[in-house]
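Notes to accompany the following structure.
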Amino acid sequence: MSKIQPLADRVLLKPQAAEEKTVGGIIIPDSAKEKPLRGEVLAVGEGTKDEQMVLKAGDQVLYGKYAGTELEFDGEKYLIMRQSDVLAIIK
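Structure follows, in structure tokens:
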């Protein structure tokens with residue numbers, strides 16, 4: 013993902029796809045699906061003088077339900093957020 017480079021203390025994430033759920037044979041539409049809270053870090057900024065970057069490309073992370081800004085690039089959906097909005101790294 014070299015076409016988008018986050019600045020300062022921001023990270024670019026690829027959210028994990030929402031799971032398809034069916035209830036008694038009824039498929040729940042995309043608008044009713046839970047927003048995924050897990051994703052993969054694709055790129056990180058260089059940090060700031062006050063915040064060193066801890067995350068790196070390839071990290072699997074958990075983030076808050078309303079964290080970040082959604083963007084679409086080349087038909088793919090991504091999230092960009094501050095490193096402080098990431099709750100945990102999944103080891």
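My numbering runs 12 ahead of the 1-based position in the sequence shown. Every residue gets a Cβ at the ideal spot worked out from N, C-alpha and C, and that includes glycine. All of these numbers come straight from a predicted model, not from anything done at the bench.
Using a C-beta cut-off of 8 angstroms, the stretch 75–86 makes no contact with the stretch 57–66, since fewer than three inter-stretch Cβ pairs fall below that distance. Put simply, the backbone Cα of leucine 19 is about 43 angstroms away from that of isoleucine 38. For the 8 angstroms CB-CB criterion, aspartate 21 and glutamine 72 do not form a contact.
Of all alpha-carbon atoms in Gly51, Thr81 and Ile102, the one lying nearest the alpha-carbon of isoleucine 92 is that of Thr81. In this structure, the CA atom of lysine 103 is about 27 angstroms from the CA atom of lysine 15.
Nearest to glutamate 52 by alpha-carbon distance, out of Leu25, Glu88 and Leu83, is Leu25.
For alanine 29, the number of other beta carbons within 10 angstroms of its own is below 16, and it is reported as exposed. Excluding its 5 nearest sequence neighbours in each direction, leucine 83 has C-beta neighbours in its own chain below 7 angstroms: Tyr90 and Ile92, listed in chain order. CA-CA distance, proline 27 to glycine 59, rounds to 22 angstroms.
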